[in-house]
Every structure is written in structure tokens, then in C-alpha cells.
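The listed protein sequences derive, respectively, from chains A and B. Residue 20 is where the first sequence starts when you use the numbering used here, and the numbers rise one by one after that. Residue 7 is where the second sequence starts when you use the numbering used here, and the numbers rise one by one after that.
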Amino acid sequence: MVEAFAVASGKGGTGKTTSTLALGMALAERYDVTVIDADTGMANLLFHAGLDDADVTLHDLLVSDRDVAVEDAVYDRFGMSVVPCGTSLTAFEAADPSRLRDVVAELAADTDVLLLDSPAALGSKSAVLPVVLADRVVVVLQPTVPSLSDGLKVQEYARSYGTETAGVLFNRVRPDEDVETIADQAARYFGGTALASVPESDAVRAARRAGEPLLAHAPSDPAADAFHEAAGNLDVRAGDAAGVADRFRSAVVPDRP
Amino acid sequence: MVADGHIPEGELCRSRTDADIGETLAGVLDRELTGYVVFEPQGSILFGNDERAVLTFEAGVPVLAYHSASDAGGHDALDALTGDLFHAEVYELAADALTAAHQVEELRVSPTAPADVLADDGALVDRTRDVAPEDRLADAAGTSAVEAFLADADRIDAIRDEARAEAQARAAEWGLADQLDDEEQSDTLG
């Protein structure tokens with residue numbers, strides 16, 4: 020039983036990585052959750068999850084001549100399986116994005132919910148691959164025009180590949196922003212459920228500094244409550260793990276000879 | 007691409023080598039110019055630097071700002087433009103020639119920002135606000151700018167159509183064309 024979600028935003032600074040880990044931790048109360056840092060160009064998740072000293076990362080799995088088992092890059096943290104991405108530019112350059120599908124396929128076989136923390140960009144194959152591979156996308160937005168505009172673009176890219184929107188999460192919402200009205204309006208254009216509105220919170224920065232996900236660092240913060248609400252509103256669909264794995268394996272034609 | 011920020015060449019209707027920005031903006035407002043003004047700091051001409059900034063206008067009201075040397079758009083472009091005296095060239099264009107460029111979010115400025123930031127002229131700010139269209143003023147006012155954006159179904163459709171076309175074009179480039187959903191199914195997801 021597995022469903023893979025790409026957590027995407029199109030624009031940087033929306034708190035996508037924070038959201039991915041927070042949703043992951045909240046979902047981990049009901050499901051077996053694996054979080055993958057699929058933002059291979061700008062590793063981020065490892066800092067949020069206290070994994071900045073991880074020996075083996077996703078990068079190692081994406082380099083063809085490296086003899087590393089997928090499980091070596093999987094770390095049990097905060098009740099989830101976490102696959103961090105490395106920070107080395109050299110490793111990124113050597114990485115073959117097409118291999119992501121194999122990695123995802125293997126991980127999918129053994130989990131209920133896969134969350135792919137996706138790049139905040141659409142300008143390259145590796146940036147788009149997570150929304151191509153995922154079953155559905157969770158769009159993280161801020162209630163601003165540039166963020167909504169970029170969120171619409173991500174959704175459209177995802178739909179082009181048959182990946183529909185599972186839900187929209189408004190994040191980093193300031194007290195003066197009337198997000199209820201905006202969410203109602205946005206629902207005309209975005210698919211899926213309005214998952215939650217997460218208030219801007221100092222606890223998010225503090226958690227990042229502590230190298231912990233928000234839900235571990237400040238479990239009773241209003242932002243943490245909102246992420247719990249979001250996870251509760253996300254309807255995870257049962258899939259056939261073997262079928263999903265096969266689909267990932269055949270999903271992408273390698274672009275290198 | 008529909009919205010690539012490209013501005014076609016207009017008809018030059020005024021050129022000054024010692025222009026004051028406030029006076030130029032006031033002149034544009036008075037003549038209800040639709041078109042653009044290229045500002046070049048005088049030092050830039052002297053030293054051969056390309057420090058030009060372009061501001062576009064609809065009926066005299068500023069819409070876009072772009073600063074070439076720093077590749078800055080929107081309010082950043084206004085911040086990037088420095089100097090007291092400018093070579094200013096005023097060009098006129100048909101309104102529809104600017105439609106595509108005016109959809110580029112990153113380049114847009116609030117109607118009163120140039121008068122405020124570049125000219126620091128309160129009276130000009132007020133005059134600009136008086137003639138600016140309602141939806142443009144909402145643009146400048148935080149949350150309601152978002153509401154105005156989401157209320158503009160045509161603009162949203164344009165963003166989606168463009169993203170769809172871009173996704174299809176790039177899929178071919180990246181060898182992902184086989185993964186594309188067929189059109190019929192994508193449409194039903196809307």
C-alpha cells in the first residue's frame with residue numbers, strides 16, 4: 020500500500036522542506052512514511068532532520084558506478100524513514116537524475132506514504148522528475164501573487180504528466196493575511212483539498228537551527244497544530260506497492276546513452 | 007512563450023539628456039502615455055556602462071520596471087536605478103503591444119512606486135493614485151492584491167496555458183514526452 024506525493028511549490032522560500040517533514044511526521048502517526056529529499060540541486064532536508072553528517076545520501080544512489088545499497092541512504096529519524104540528499108556540487112553533477120525512479124521504486128515497495136521534497140524550480144529534468152514520478156502533488160503556497168502564480172505553474176506541469184493535485188497547503192501565513200478568502204478563491208483553480216493554513220512562526224526557524232523537524236522541536240506550536248490538521252485532511256489512497264514500483268521503474272526513459 | 011517580458015520597439019516621441027525623473031513621470035502621466043521610457047543615468051553614458059532602466063506605462067500609469075545591468079525587475083529595478091539626471095527617451099506603443107510583457111509578475115510595480123521611490127514626490131504619488139485603475143491599486147495593497155489576482159480568471163488562464171505549453175515543449179527536450187498525459191485526461195482534471 021503506497022502513495023507517493025511530490026511536495027512542490029515552484030517558488031523558493033515557501034517552507035517546502037519544513038512542510039514535507041512536518042507532514043511526514045504527522046502522517047507517521049498513522050502510516051509508515053518515507054521522506055526523500057528529491058531537491059538534488061539544493062540539499063536541504065538533512066539540515067532540518069539533523070542528518071548533516073550522513074555518510075551516504077541520495078546522491079550516492081544516483082551515481083551509476085557507486086556500489087551503494089538503497090537502504091544505506093535511509094535513516095530512521097523522528098518515526099520516519101528519511102533519505103537525505105548530499106550537499107556536494109561534484110556529486111550532484113555526477114548524479115544521473117533518471118536513476119531517481121529506481122530509487123523511488125525500491126523505497127515504494129516498503130512504505131505506505133512516500134513524500135518527495137521537490138525542487139523549487141521547473142527548469143531542468145531533475146527538477147521536474149519528482150512531479151513526473153509522484154502519484155499526486157501537494158502544492159505549498161504563500162498567500163502572495165508570485166507564490167500563487169508559481170504554484171499554478173507547478174500544478175500545470177504536474178497535470179501535463181497526469182499527476183493531479185492532492186491538496187494545497189498555505190504556509191507562512193501572517194496574521195494580517197486573510198487566507199480564508201484567498202483559499203476559497205484559489206480553490207477554483209487548484210485541485211484537491213484545502214489542507215490547512217499554517218501560521219508564520221518563529222518556532223520554524225528555531226527548529227531548523229536545532230536540526231529538528233518542527234513537530235519534534237515545538238510539537239504544541241500553532242504551526243505544528245496546523246500541519247497535523249493538514250495531514251488529517253490529506254486522503255492517502257491505497258495503492259498496490261508492487262504496481263507502484265513497476266510504474267516507477269518504467270516511468271522515465273533514461274536520457275543518457 | 008506568451009509572457010517573456012519582451013517589449014517591442016515603440017515610436018520615439020521625446021528625448022532629453024538632462025531629464026529629472028519626477029518631471030518625466032509627471033509628463034507621462036499628463037499625456038496618458040501608453041508605451042515605455044528608457045532612463046539612462048548620465049554617468050552611464052559617459053563611462054559606457056549599460057545602466058539603463060525601462061519603465062512601461064498604461065495610460066500614464068507605471069506597470070513594469072526593469073534594470074538591465076543588474077537584471078532586476080519590479081521594485082528591485084527601481085532600487086537599482088541610481089543618479090540625479092538622466093537621459094530619458096519616451097516611446098509610444100499600442101496598448102496590445104504590451105499585453106504579453108505586462109503579464110510578467112516579477113517585473114510589475116505598484117502604480118505609485120516609481121513616483122515614490124525614484125522621484126520621492128508625494129504630490130505625484132497622489133496624482134498617480136487618482137488616475138490608476140482600481141484593480142491596479144488593489145495590486146499595491148497586500149492581501150487584496152492576491153484577491154484581485156485570483157479574481158482575474160483571464161490572467162490565471164494565461165498563466166496556466168503558458169505553463170502547459172512550456173511543460174509540453176520541455177518534456178520533449180528532456181526525453182519525457184512519453185510520460186505526458188494525453189490531452190483529454192488532462193482536461194478533465196481541471
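C-beta atoms are modelled at their ideal positions from N, C-alpha and C, and glycine is treated no differently. Keep in mind the model is a prediction, meaning the values are calculated, not measured.
- Within chain A, no C-beta atom comes less than 7 Å from the C-beta of R142 of chain B; the nearest is roughly 13 Å away.
- Where R166 of chain B is concerned, the enclosing alpha helix (DSSP H) starts and stops at A159 to E179.
- Chain order gives no chain B residues near P149 of chain A, where near means a beta carbon separation below 9 Å; the closest approach is about 12 Å.
- Within the model, the alpha-carbon separation for D84 of chain A versus G211 of chain A is close to 40 Å.
- Contact between S145 of chain A and T59 of chain A holds, with the beta-carbon distance rounding to 5 Å and staying under 8 Å.
- Taking a C-beta distance under 8 Å as the contact criterion, L39 of chain B and L130 of chain B do not qualify as a contact pair.
- Under the three-state reduction of DSSP output, I13 of chain B falls in the coil class, being neither helix nor strand.
- For P120 of chain B, there is no enclosing alpha helix (DSSP H), as DSSP gives it neither H nor E.
- Linking A250 of chain A to A235 of chain A through their CA atoms gives a straight-line distance of about 15 Å.
- Here V110 of chain B carries a coil assignment [DSSP, helix/strand/coil].
- Assignment of D24 of chain B by DSSP, reduced to helix, strand and coil, places it in the strand class.
- Note on E199 of chain A: under 16 other CB atoms within 10 angstroms of its CB, so exposed under the neighbour-count rule.
- Listed in chain order, the non-local C-beta contacts of N252 of chain A below 6 Å within the same chain comprise T212 and L214, local neighbours out to five positions each way being set aside.
- Pairing E112 of chain B with G79 of chain B gives a Cβ-Cβ distance under 8 Å.
- For Y176 of chain A, the closest Cβ of chain B is nearer than 8 Å.
- Cβ neighbours of R135 of chain B within its own chain (closer than 8 Å, five residues either side excluded): P117, T118 and L143.
- Just measuring C-alpha positions, the residue of A:G258, A:K172 and A:D195 sitting nearest I162 of chain B is A:K172.
- The beta-carbon separation of A245 of chain A and L233 of chain A, rounded to 10 Å, does not stay under the 8 Å limit for a contact.
- Contact of E111 of chain B with chain A by beta-carbon distance below 7 Å involves V164, P165 and S168.
- DSSP places D129 of chain A outside both helix and strand once states are collapsed to three, so it counts as coil.
- Against chain B, the beta carbon of L171 of chain A has neighbours under 9 Å at I162, I165, R166 and A169, listed in chain order.
- Taking a cut-off of 8 Å on C-beta distances, the stretch 193-209 of chain A does not touch the stretch 61-73 of chain A, as fewer than three cross pairs fall below it.
- For G79 of chain B, DSSP records a beta bridge to B:Y72.
- Taking a 10 Å sphere around the C-beta of L134 of chain A, we find 16 or more other C-beta atoms and assign the residue as buried.
- Shown in chain order are the members of the stretch 190-204 of chain A whose Cβ falls below 8 Å from a Cβ of chain B: D195, E196, D197, T200, I201 and Q204.
- Residue state for L156 of chain B is assigned as helix, using DSSP reduced to three classes.
- Contact of K30 of chain A with chain B is not assigned, every C-beta pair being separated by 8 Å or more.
- When B:D102, B:V96 and B:L70 are compared, the shortest CA-CA separation from R22 of chain B is found for B:V96.
- Neighbours of K144 of chain A in chain B, taken as residues whose beta carbon is under 8 Å from its own, are W180, G181 and L182 in chain order.
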